[in-house]
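Per this note's numbering: the sequence shown = residues 3 to 263.
Reading through the structure tokens given below for one structure.
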Amino acid sequence: MTGTPLLEVRDLVVHHGQLRALDSISLRVYPGEVYAIIGANGAGKSTLLRTIAGLHRPSFGTILLDGLFLTYLRPERRAIAGVAMVPEGRRLFGSLTVEENLKVGATYARPGPWNIDAVYQLFDWMPARRSQRAAQLSGGEQQMVALGRSLVANPKVLLLDELSLGLAPVVVHRIYAMLPQILETGLTVLLVEQDVSQAQRVATHIHCLLEGRTTLEGRPSDVTAEQIEAAYFGLAGTAGALPPSDATGQPGGGSESTWPG
Ligand code: ATP
């Protein structure tokens, strides 16, 4: 894709102690994209999202949002700049109500189309449960509150870490079905997903990590299930399957793998 990326990561290196969790990762996310990071357990997906959100400090590399250097900004400065994340495991305040959790998300809110009422319109079950404690909700309901909490910040880029984790397929489908409405408001999405089939269904671009390195990237329609499988598990011949790094395309389409989720 041509033009200016909204989010750009250049040569990012992140260590957890002695472990090199990310090794020279670069990516470009263009406005309106759904950019999916896939990979097995421990590939570095969450580390990448958390580093973009400001929760890990990189050893090397640069993170830019809309031309602004985020690399060493504190997480709240990044929120003000337009980064919001739905973390793995939701991380709601269980003793607070649904509405109180949504208000937490608005702490560093930018001006924009999202507010608590807009979230209640998106998730029509939520207004009746606004006074219920988050801990009393089902996993899927909690995930929707976590999503709402990020939306009310009116981010430019929404980081979604494993939305499907621990949820029944029907619930995952219901949550991902909301993405088009969210994108319509001008948001750009960078998501992490272990369920490759799900990632392929929603993504405009997929980027596979293995042990902290990029093993494959491209439009879902440009990569085969065999290439993804090789990149995911680190099988021989993967390197030759790297399409151009700035290619992108339309959601869906392409070969669909049925593993591992
Ligand atoms: P998963 O799907 O299991 O969450 P992932 O692809 O998101 O995997 P990360 O959670 O980013 O992978 O972990 C990458 C590597 O870094 C793993 O080896 C993990 O054990 C290690 N790691 C992650 N966070 C920390 C931490 N806070 N301290 C030490 N090591 C960590």
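Each residue gets a CB set at the ideal place from its N, CA and C atoms; glycine is no exception.
Margin query: So for T150, helix, strand or coil by DSSP?
Written below: Checking the sequence shown, residue 150 turns out to be Gly, not Thr. Shown here, G150 sits in a helix according to DSSP, grouped into three states.
Notebook entry, point to check: Between the C-alpha atoms of T240 and A233, what's the straight-line distance to the nearest angstrom?
Noted result: Because the pLDDT of T240 is 47, which lies under 50, any placement of that residue in the model is unreliable, and the number read from its coordinates should be weighed accordingly. Distance from the CA of T240 to the CA of A233, rounded to the nearest whole angstrom, comes to 5 Å.
Item checked: Cutoff 6 Å; reference G114; Cβ partners in own chain excluding five residues on either side -> N156
Item checked: Assigned secondary structure, H18 (DSSP; H/G/I helix, E/B strand, else coil) -> strand
Check: Counting Cβ pairs, one atom from each stretch, are 3 or more of them under 8 Å apart for the segment 192 to 210 and the segment 35 to 47?
Finding: In short, these stretches touch, since the Cβ pair count reaches three.
Next item on the list: Just mark G46 as buried or exposed, buried being the case when its beta carbon has 16 or more other beta carbons within 10 Å.
Entry: buried
Check: Sorted by chain position, which residues of the same chain lie with C-beta nearer than 8 Å to L165's C-beta, five sequence neighbours on each side aside?
Finding: Taking C-beta separations shorter than 8 Å and ignoring five residues to either side along the sequence, the partners of L165 in its chain run V88, Q145, L149, V174, I177, Y178, L193, E195, following chain order.
Item checked: From F235, L211, H207, residue whose alpha carbon lies closest to that of V225 -> H207
Note to self: I want to check one thing, is the minimum distance from the CB of G2 to the heavy atoms of the ligand ATP below 7 Å?
What the structure shows: Given a span of 3 to 263 for the chain in the structure shown, any question on residue 2 remains unanswerable.
Next item on the list: Note down, in chain order, each residue of its chain lying with its Cβ closer than 8 Å to the Cβ of L75, except the 5 sequence neighbours on either side.
Entry: G56, A83
Next item on the list: Tell me where the alpha helix (DSSP H) around Y37 begins and ends.
Entry: Here Y37 belongs to no alpha helix (DSSP H); instead the beta strand (DSSP E) covers 36 to 40.
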